[in-house]
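Going by our numbering, the first residue of the sequence shown is number 496, and it counts up by one from there. Backbone N, C-alpha and C define an ideal beta-carbon position, used for all residues, glycine too.
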Amino acid sequence: MILFVIFPAIIIAVAGYNCPGGKLTSLEREQTVTQINKFRSQLANGKLKNKDRGLMPKGKNMMEMRWDCKLENSAQKWADQCVSGHSPKNQRPGIGENVYTFRTSRSVANFKKTLMAGESWWYELVREYKNNPSNNFTSTVAGQGALHFTQ
């Protein structure tokens with residue numbers, strides 16, 4: 496079995512995390528956003544270490560993330576097609592996307608998949624990203640596995 500979890504890179508405010516027809520519960524959405532904001536807070540406050548075990552520069556203009564039901568719906572429609580890879584850019588203008596794929600022979604709860612994907616992407620930076628005191632994003636930096644982290 497191949498499972499796909501697609502994260503829209505822009506999560507916008509929606510009251511109550513109630514998304515009719517969605518596959519996640521309101522509690523799962525809330526817990527996901529809380530976890531994402533926890534990770535982002537580590538960077539914003541200069542508490543995240545890189546591959547060289549040095550502290551990364553503090554993040555700037557890092558806003559608190561909130562859930563967007565329209566993006567969830569769009570991502571779910573793409574994931575339901577079981578097509579490996581990103582959705583066409585013309586189907587999501589101005590919206591970035593991260594795709595996490597893993598294989599398993601057993602059922603895994605949606606929420607667990609979501610957290611696994613988020614943690615995998617976040618800690619990819621710690622494993623791959625070297626010290627970059629100027630905090631400039633270049634093609635060299637992109638090659639260090641930091642692309643998911645920039646979404």
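What do you reckon, are the CB atoms on residue i and residue j nearer than 8 Å?
i: Gly613; j: Cys564; result: no
i: Lys555; j: Gly541; result: no
i: Thr624; j: Trp562; result: Sequence inspection shows Tyr at residue 624; the Thr mentioned does not correspond to that position. Going by C-beta atoms, Tyr624 is not nearer than 8 Å to Trp562.
i: Val636; j: Asn545; result: no
i: Leu538; j: Met558; result: no
i: Glu567; j: Ser582; result: no
Quick check on the DSSP output: the alpha helix (DSSP H) that includes residue i runs from which residue to which?
i: Asp547; result: Looking at the DSSP string, Asp547 is not in any alpha helix (DSSP H), and its letter there is neither H nor E.
i: Lys533; result: Ser521 to Ala539
i: Glu567; result: Cys564 to Asp575
Out of the options, which has the shortest C-alpha to C-alpha gap to residue i?
i: Cys577; options: Thr596, Arg561, Leu566 and Lys555; result: Thr596
i: Met560; options: Gly549, Thr529 and Gly580; result: Thr529
i: Glu525; options: Gly549, Leu610 and Ser634; result: Leu610
i: Val594; options: Gly580, Ser602 and Ser569; result: Gly580
i: Leu522; options: Asn631, Lys607 and Ser634; result: Lys607
i: Cys514; options: Arg548, Asp547, Ser569 and Leu543; result: Ser569
For a test of the three-state rule: what should DSSP assign to residue i, helix, strand or coil?
i: Glu619; result: helix
i: Glu614; result: helix
i: Tyr624; result: coil
i: Asn631; result: coil
i: Leu513; result: Note on identity: in this sequence residue 513 is Asn, with Leu being the wrong assignment. Asn513 falls in the coil class under three-state DSSP.
i: Val594; result: strand
Closer than 7 Å to a non-hydrogen atom of the ligand ATP - does that hold for the CB of residue i?
i: Trp573; result: Here there are no bound small molecules, and the ligand ATP is not part of this structure.
The stretch 524-539 contacting the stretch 612-621, beta-carbon criterion three pairs below 8 Å: yes
Inter-stretch contact at 8 Å, needing at least 3 Cβ pairs: the stretch 585-595 / the stretch 562-575: yes
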